[in-house]
Amino acid sequence: MRVYVPPIKSQGIKTKLVLWINSIIPNTFKGRWIEPFMGTGVVAFNVSPYHALLCDTNPYIINFYRSIAEGSITPEIVRRFLHREGAILLDKGETHYYAVRERFNKEHKPLDFLFLNRSCFNGMIRFNRKGEFNVPFCHKSQRFVQSYITRIVNQVAYISAMCHTKEFIFKCQGFEQTMLEGQGGDIIYCDPPYINRHVDYYNGWDGDQERALYRALSKTPSKFILSTWHHNDFRKNEYIEELWSRYNILTKKHFYHIGAREKNRNAMIEAIVTNYDTPFYEDLHSDHQP
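Residues in the sequence shown are numbered consecutively from 64, following the working numbering.
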C-alpha cells in the first residue's frame, strides 16, 4: 500500500505509522471517520473513508484544506504561486521568507501558510502567544526547484480529488465539541499533542486536557483509536497506566527525528489505544519503513 504524503508537514507527522493504523481498522467499517486533532491530515487522507469530519483548533490548517475542498485553491494555482514566490526567494533569500511570514501574520492567506510550511526550518509549525507564525527560515533559497514544486502540486491534486469525490468536512473547533458528533458506527481517531514530549503546533497540552480527553472517549458511542507515546529509553508516559490501561494497547517502535542533527534521532515506543479488539499486527515493535 502506498502512503500519500500531504502538502502540509509538521514534526511528529504520522507518515511512518499510517499502515499500522490502517491495519487495525475493522474491515466492516462504513461509518464516518472523525479526527478531533487533524494536524496535517496524513492519517485521514490515507485511510480515505467516504465520510470524514476533520477538525483542529489551528485555523490555518483548517482554512488551507477547506480552501482545497471548496476549489479556491487548485493544483494549478499552487503551481503558479510557488513558481512566483520561489523565484523571488531565490533572488532575495531569507529577506523574502520573512516578508512572506510578516504578510501571513497580517493576512493569514492559506497559500502563504503553505509557502512558509515548506520553506521554514525543519518543517515546523509553531506560533507564539500572539498567534503569530514564528519559525525561522531553513536557509535554502533554492528550495522551490521544479521537482519540489511538482511534488507539492501532486500532493494538492490528490487531496483535491479526494475532497471532490467524497464527503470531507473541515471544522475549526475543540476536541470536546468534535467528540460529541461521534455516533455508533463511526471511528474517532485522536492524535493529540504528546504530553511531556514536545509542544503542539498551535496549542499546548497538559494533564487536565489528557484527562478531559479520557473522559470524552470513555463516553463516546463510537469506536476510537488513540495515538500516543508509551515510553523511550529515558522515561515512560505515566498516563498510560493512570488512564488508558483499561483499554486495548498496541505498541510499536519507531524513530522521531526532532531537530537538525542525526544525534537527535531517538527510538520511541509508540502506543495505540482502542476500545475494540484489533486484528493481529505482525510488524509489532519494528520500525516500519513504508
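Here a beta-carbon is modelled for each residue, glycine too, at the ideal position from N, C-alpha and C.
### Task
For H146, I'd like the list of residues in its chain whose CB is within less than 8 Å of its CB, leaving aside the five on either flank, ordered along the chain.
In the sequence shown, counting from the first residue as 1, residue 146 sits at position 83. Result list for H146: F207 and I212, in chain order.
### Message
Within 10 Å of its beta-carbon, does S204 have 16 or more other beta-carbons around it, so buried, or fewer, so exposed?
### Response
Position 141 of the sequence shown, counted from the first residue, corresponds to residue 204. Burial call: buried.
### Query
Should I312 and F287 be called a contact, given that it needs their Cβ atoms to be closer than 7 Å?
For this step, residue 312 is matched to residue 249 along the sequence shown. For this step, residue 287 is matched to residue 224 along the sequence shown. Going by C-beta atoms, I312 is not nearer than 7 Å to F287.
### Message
DSSP three-state label for F144, please.
### Response
On the sequence shown, position 81 is the one that residue 144 refers to. Helix, per DSSP.
### Query
Would Y128 count as contacting chain B if we go by Cβ distances under 7 Å?
This model lacks chain B altogether, as it is built from one protein chain only.
### Query
Can you tell me whether DSSP reads W307 as helix, strand or coil?
In the sequence shown, counting from the first residue as 1, residue 307 sits at position 244. Correct three-state label for W307: helix.
### Residues that Y161 bridges to, as DSSP identifies them
Translated into the one-based positions of the sequence shown, residue 161 becomes position 98. Bridge partners of Y161: none, in fact.
### Local conformation of H202 per DSSP, three classes
Numbered from its first residue, the sequence shown carries residue 202 at position 139. Coil, per DSSP.
### Query
Once you ignore the five residues that flank G149 on each side, which residues in its own chain have a CB closer than 6 Å to its CB?
Looking up residue 149 in the sequence shown gives position 86. These residues qualify, in order along the chain: F207.
### Task
Taking K282 and Y113 to be in contact with their CB atoms under 8 Å, please state how far apart those CB atoms are, rounded to whole angstroms.
Here residue 282 refers to the residue found at position 219 of the sequence shown. Here residue 113 refers to the residue found at position 50 of the sequence shown. With a contact defined as Cβ atoms closer than 8 Å, K282 and Y113 miss out at about 26 Å.
### Exposed unless 16 or more other CB atoms sit within 10 angstroms - verdict on M331
For this step, residue 331 is matched to residue 268 along the sequence shown. Buried, because 16 or more other Cβ atoms sit within 10 Å of the Cβ of M331.
### Cβ pair F127, F176 closer than 7 Å
Reading the sequence shown from its first residue, position 64 is the one you call residue 127. Reading the sequence shown from its first residue, position 113 is the one you call residue 176. Yes, the Cβ-Cβ distance between F127 and F176 is below 7 Å.
### Query
Taking the alpha helix (DSSP H) that K282 falls in, what are its first and last residues?
Within the sequence shown, numbered from 1, the residue matching residue 282 stands at position 219. Unbroken alpha helix (DSSP H) run through K282: G270 to K282.
### Message
I believe G245 touches P284 by the beta-carbon criterion, under 8 Å. Please report the beta-carbon distance rounded to the nearest angstrom.
### Response
To locate residue 245, count along the sequence shown from 1; it is residue 182. To locate residue 284, count along the sequence shown from 1; it is residue 221. With a Cβ gap of about 7 Å, G245 and P284 count as contacting.
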